[in-house]
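Data first, discussion second: the structure below is written as structure tokens.
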Amino acid sequence: MNSNALYSSIAKSYDTILGLSGYNLAVKYFVRRLPLDRSRAIKVLDAGCGTGIYSLEMLRRFPNATVTAFDLNEEMVSAFREKLAKNKDASRRVRILTTDINKPIAEPGEKFDLVITAGVLEYVDLEKAVRNLAAQLVRGGYFLNVSVKDNLFGKLVSNLYKLELYSSDRKVKAFTESGFALIKVMQFPPTREAYLFKMAA
110 MNSNALYSSI
120 AKSYDTILGL
130 SGYNLAVKYF
140 VRRLPLDRSR
150 AIKVLDAGCG
160 TGIYSLEMLR
170 RFPNATVTAF
180 DLNEEMVSAF
190 REKLAKNKDA
200 SRRVRILTTD
210 INKPIAEPGE
220 KFDLVITAGV
230 LEYVDLEKAV
240 RNLAAQLVRG
250 GYFLNVSVKD
260 NLFGKLVSNL
270 YKLELYSSDR
280 KVKAFTESGF
290 ALIKVMQFPP
300 TREAYLFKMA
310 A
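Every position in the sequence shown, counted from 1, becomes a number in the working numbering once 109 is added.
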């Protein structure tokens, strides 16, 4: 079973599985540490949004934010849409697309203040995806990349979800070569870590 088929098969139970693993706590932890004014009207791109866990947390944390979220897996996007149908406020502030991370995402000329990737870069050509997403950011914008740690627990997760673990050095290099500066690295043991980058102004 390939990774897309795997995610299709677990889309309905995905949130429950992640909730049991403490994933939701990690999401809150990383979002709360973003250096953004909570009252500001920010535009967020959630790349590889899955069932929308990061999108919804951003909307809770930043009441004036709007989110464009996309994923290649139609079942995961469908599960996200079902959640939005029960939350009218969030649904007014989210645009959901089904598309590929290596294709143009925004409307011509549209830019975002923040791009979020959480566990999606491990399934694609890292450098190519970062370059494509960097083109979607405003100058001085932020990029939050949440990834699976390259440790024993990470290897177990990578085997389960059929993803590729990248070393910290390779991740940082992929971003710095696309015009980013590393602001900080945040840890959420045992499996998650987040890299916050800023695009040159």
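Ideal Cβ positions, reconstructed from N, Cα and C, are used throughout, including at glycine.
query = Can you pull the DSSP bridge partners for V257?
reply = R301
ask   = Should G159 go down as buried or exposed, given a rule of 16 or more other Cβ atoms within 10 Å for buried?
value = With 16 or more other Cβ atoms from the protein chains shown falling within 10 Å of its own Cβ, G159 counts as buried.
Practice task
Let me know the secondary structure DSSP gives L134 once reduced to three states.
Solution key: helix
Check the DSSP bridge columns for I205 and list the partner residues they point to. Answer is A178, bridged to I205.
Q) Terminal residues of the continuous beta strand (DSSP E) containing D155? A) Counting along the chain, the beta strand (DSSP E) containing D155 begins and ends at 152-156.
*asked:* When you compare the CB positions of S200 and L206, do they come within less than 8 Å of one another, or not?
replied: no
Quiz prompt | Euclidean distance between Cα positions of Y132 and D124 | solution = So the alpha carbons of these two residues sit roughly 9 Å apart.
| Of the residues E231, D180, Y163, L143, which one's Cα is nearest the Cα of S117? | D180
- Query: Could you give the C-beta distance for A215 and T175, rounded to a whole number, given that I count them as a contact under 8 Å?
  - Reply: With a Cβ gap of about 12 Å, A215 and T175 do not count as contacting.
Just to confirm, is the Cβ distance from Q296 to L154 under 8 Å? no
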